[in-house]
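Visitor: Here it is: the structure, laid out below.
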Amino acid sequence: MISFLIFLSVFLFMECVTWLTHKYIMHGLMWYFHADHHQPKYEHTFERNDIFFVIFAIPSIILFYFGVQGGFNYLFFIACGVTTYGVCYFLIHDVLIHQRFKWFKNTKNKYLIGLRKAHKIHHKHLGKEHGECFGMLFVPFKYYKM
Numbered sequence: 001m002i003s004f005l006i007f008l009s010v011f012l013f014m015e016c017v018t019w020l021t022h023k024y025i026m027h028g029l030m031w032y033f034h035a036d037h038h039q040p041k042y043e044h045t046f047e048r049n050d051i052f053f054v055i056f057a058i059p060s061i062i063l064f065y066f067g068v069q070g071g072f073n074y075l076f077f078i079a080c081g082v083t084t085y086g087v088c089y090f091l092i093h094d095v096l097i098h099q100r101f102k103w104f105k106n107t108k109n110k111y112l113i114g115l116r117k118a119h120k121i122h123h124k125h126l127g128k129e130h131g132e133c134f135g136m137l138f139v140p141f142k143y144y145k146m
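When we follow full-length UniProt numbering, the leftmost residue of the sequence shown carries the number 1, and every step to the right adds one.
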């Protein structure tokens, strides 16, 4: 039971990490890597922004290694939470919202439509300033009603 609570807590905490990282790192210090993601009709398969997948994967890999070496200790379940959040992020952000892969084109789910709308508002700003909606899984309720 404690393993599941660790996993769930880390998964939920990753939304806070994502919001803070997106607002203060991606739209701040590391804007160079994120800027191409805000340009309409990006022509390449990969973006400089994809470096953030690698940046977030490295701690997960390290946590998995030490979690397994320690006999599936708490580090393993932290890694599971981070990795599961990363998979959800990929499916929602890259597949559902940006359609980098054409898997979920026609959803009627209000939650998923709300996520799409909030992200569209985020991308209406092409520069690093004046952004809003920096989260990924939790967005203001007003976008579900629009």
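We put the beta carbon where it would ideally sit given N, CA and C, even for glycine.
(1) Evaluate the contact criterion for the stretch 97–117 versus the stretch 70–88: three or more CB pairs, one atom per stretch, below 8 Å.
(2) Might you give, ordered along the chain, the residues of its own chain that have their beta carbon closer than 8 Å to the beta carbon of L63, omitting 5 neighbours on each side?
(3) Can you have a look at I61 and say buried or exposed, based on whether 16 or more other CB atoms are within 10 angstroms of its CB?
(4) How many angstroms separate the CA atom of T21 from the CA atom of G135?
(5) For G114, report the span of its alpha helix (DSSP H) as first-last.
(6) Of the choices G67, S9, H98, whose alpha-carbon is the least far from that of F46?
(7) Determine the closest residue to I25 out of K145, L137, Y144, G131, with distance taken between C-alpha atoms.
(8) For F66 versus F52, is the C-beta distance shorter than 9 Å?
(9) Looking at A35 and residue 159, is the spacing between their C-beta atoms short of 9 Å?
(10) From E129 to I121, what distance separates their C-alpha atoms?
(11) Please state whether DSSP places K102 in a helix, a strand or coil.
(12) Out of K124, L115, G127, which one is the CA nearest neighbour of P140?
Guide: Put simply:
(1) By the Cβ rule, the stretch 97–117 does not count as touching the stretch 70–88, because fewer than three pairs are nearer than 8 Å.
(2) For L63, where only same-chain residues beyond five positions count, the Cβ hits under 8 Å are L75, F76, I78, A79, V82.
(3) With a 10 Å radius around the Cβ and a threshold of 16 neighbouring Cβ atoms, I61 comes out exposed.
(4) If I take the Cα positions, the gap works out to 10 Å.
(5) It spans 110–123 - the alpha helix (DSSP H) in which G114 sits, taken as one unbroken run.
(6) Sorting G67, S9, H98 by C-alpha distance to the C-alpha of F46 places H98 at the top.
(7) Taking only the C-alpha atoms, the option nearest I25 is G131.
(8) Not in contact: F66 and F52 (Cβ atoms no closer than 9 Å).
(9) Nothing about residue 159 can be reported from this structure: the residues present for the chain run from 1 to 146 only.
(10) Per the coordinates, the alpha-carbon of E129 lies some 13 Å from the alpha-carbon of I121.
(11) The three-state secondary structure of K102, taken from DSSP, is coil.
(12) With distances taken between Cα atoms, P140 lies closest to L115.
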